[in-house]
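1 is the number of the first residue of the sequence shown in UniProt numbering; add one for each residue after it. Each residue gets a CB set at the ideal place from its N, CA and C atoms; glycine is no exception. None of the values given here were measured: they were computed from a predicted structure. Input: a single structure, listed below in structure tokens.
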Amino acid sequence: MVLADAECEALLRPEVRDYRARLLTFFSAETRARRLSPLWDAVFTSLAINVGVAGAGRSTATRRLNAGDVPGACEGLTWWNKAGEEVVKRVGQLVPLP
1 MVLADAECEA LLRPEVRDYR ARLLTFFSAE TRARRLSPLW DAVFTSLAIN
51 VGVAGAGRST ATRRLNAGDV PGACEGLTWW NKAGEEVVKR VGQLVPLP
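Listed below in structure tokens is the structure:
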């Protein structure tokens, strides 16, 4: 079965919203209001999709962002670059899209 782009988006959108809604419970009200820009929101939602909501929500990156340590949160996000014990080489690199 081949799905059109719009069909794929329609299937994915509710799932992404669910991950995001569950993840937002881990952020303080101040973080949600002042530090969770659309970019940060997308980054943390992507992390939650890849490692699970609890993993992303309880991560050092989330704790640091809640504490107002934005550079520390950035650093914490870079630690999610392994599959098992192996560093995944493309993690953190920009990948050109077709």
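Provide the residue(s) that pair with residue i in DSSP beta bridges, ordered along the chain.
{"i": "Val87", "result": "Lys82"}
Is it buried or exposed for residue i, if we count other Cβ within 10 angstroms and need 16 for buried?
{"i": "Leu11", "result": "exposed"}
{"i": "Gly84", "result": "exposed"}
{"i": "Ser59", "result": "buried"}
{"i": "Ala42", "result": "exposed"}
Checking 9 Å against the spacing of the C-beta atoms, do residue i and residue j come in under that value?
{"i": "Ala61", "j": "Gly72", "result": "yes"}
{"i": "Leu39", "j": "Leu77", "result": "no"}
{"i": "Gly55", "j": "Thr25", "result": "no"}
Secondary structure at residue i, three-state DSSP: helix, strand or coil?
{"i": "Ser37", "result": "coil"}
{"i": "Arg58", "result": "coil"}
{"i": "Ala6", "result": "helix"}
{"i": "Gly52", "result": "coil"}
{"i": "Thr31", "result": "helix"}
Check: Do the stretch 60-70 and the stretch 35-47 make contact, defined as three or more Cβ pairs closer than 8 Å?
Finding: yes
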